[in-house]
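In this note's numbering, the protein residues as written are 16 to 293.
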C-alpha cells in the first residue's frame, strides 16, 4: 500500500467481517479497502473485555499505520467490547482526523425502525450477548419503539461456518435448537438481528426455522454498507480522506495458505493475502 493511498480499513477477529466487506465493495466499488483478519487469535467471543480491547486497538493501529483514516470494526464482539473505549480514550490521543465505527448501531437503528410489535430478537456470540450491547443500544436509539429485547447465544454457529459445515445434519441441529430457544423466550419477536457477521452464511437454515415468515431478518452487511454511504455523505471531510482507486487488499495474522481458501469462499472470488504480526 503506497503512502498516498488511504483505504477504508475493515477489521474482524476472523472471517465473518468479509460478509460486511463484500457488501462494501458491492455498494462502494470506487473506494479502496484494506481488510485485516486476526485469524491467528480468533475467536474473540469468549475473551474478556480487556483482551478484546487490547487486540482490537492493536489491529486499529495497524490499519492506521497502513494509511487508513477510517476503520470499520466489522466484528460484533469488538464493536461491543472495544469500540466505545477506543473512540473516547484512544482516538483523541492518536489523531483528531481519524475515525473508528462499528456494526451494532446501524443494525439497531434499522431494527428499531422496522419492528411493529416492539419485540426484537438477537442471535449472537456468547461475548456479544454477555456485553448486553444490543439491549442497551436498542433502548437508547429506539425512542421507546422497542419494548422487549431477547438474546440467544449461538456458540456453535461460528465453528460451523469456519469449518465449512453449513447444511450438514449437525449444523441444522444447532441452528434449529438455538432458533427454538430464542422464540420460546419471546414468541412476539417480529424483527431478528443477526448479531454476528458469520451468521448470514447460515441464512437459509435460519429462515427455515423462523416460526413466522413475516419476521424480518436483519443482515448486517447490507445495512452497515448503506449506513457507511450515508456517513460519508454527511461527513465530506472524512470522505475526502478515503482514496478511490477500486482496490481491495487483505491482511491476516494467520498463515496465508489457511486464510486464502476460506476468505475466497466468503468473498465469492479468489483472495490473495499478506501475513502481518500484531
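The beta-carbon is built from N, C-alpha and C at its ideal position, and this holds for glycine as well.
For clarity, every value in this text was computed on a predicted model and none was experimentally measured.
For the options 68, 185, 281, 146, the alpha carbon positioned closest to that of residue 220 is the one of 185. A distance below 7 Å between beta-carbons, with the five flanking residues on each side excluded, links residue 181 to the following residues of its chain, in chain order: 175, 216, 217. Pairing residue 60 with residue 142 gives a Cβ-Cβ distance under 8 Å. Looking at the DSSP output, residue 50 bridges to 25, 265. Sequence-distant partners of residue 266 (beyond 5 residues in either direction) whose C-beta falls short of 6 Å from its own C-beta, in its chain, are 51, 289, 291. By alpha-carbon distance to residue 130, the top candidate from 145, 158, 106, 140 is 158. Distances from the CA of residue 226 to each of 58, 38, 206, 234 were compared; the closest alpha carbon is that of 206. Residue 134 is bridged by DSSP to 163. At a Cβ-Cβ threshold of 8 Å, residue 83 and residue 32 do not count as neighbours.
Taking 8 Å as the upper bound for CB-CB distance, residue 165 and residue 136 are in contact here, some 5 Å apart. Taking every protein chain shown into account, the CB of residue 277 has 16 or more other CB atoms within 10 angstroms, so this residue is buried.
DSSP assignment within the segment 68-120 yields the following whole beta strand (DSSP E) runs of 3 residues or more, N-terminal first: 85-88, 114-116.
In the structure shown, residue 183 adopts coil according to DSSP, grouped into three states. DSSP places residue 204 outside any beta strand (DSSP E), giving it a letter other than H or E. Taken atom to atom, the span from the alpha-carbon of residue 257 to that of residue 100 is near 24 Å. With a cutoff of 8 Å on beta-carbon distance, residue 98 and residue 23 are scored as not near each other. DSSP places residue 288 outside both helix and strand once states are collapsed to three, so it counts as coil. For residue 231, the enclosing beta strand (DSSP E) stretches over residues 231-233. In this structure residue 170 does not touch residue 212 by the C-beta definition: roughly 16 Å separates them, more than the 8 Å allowed.
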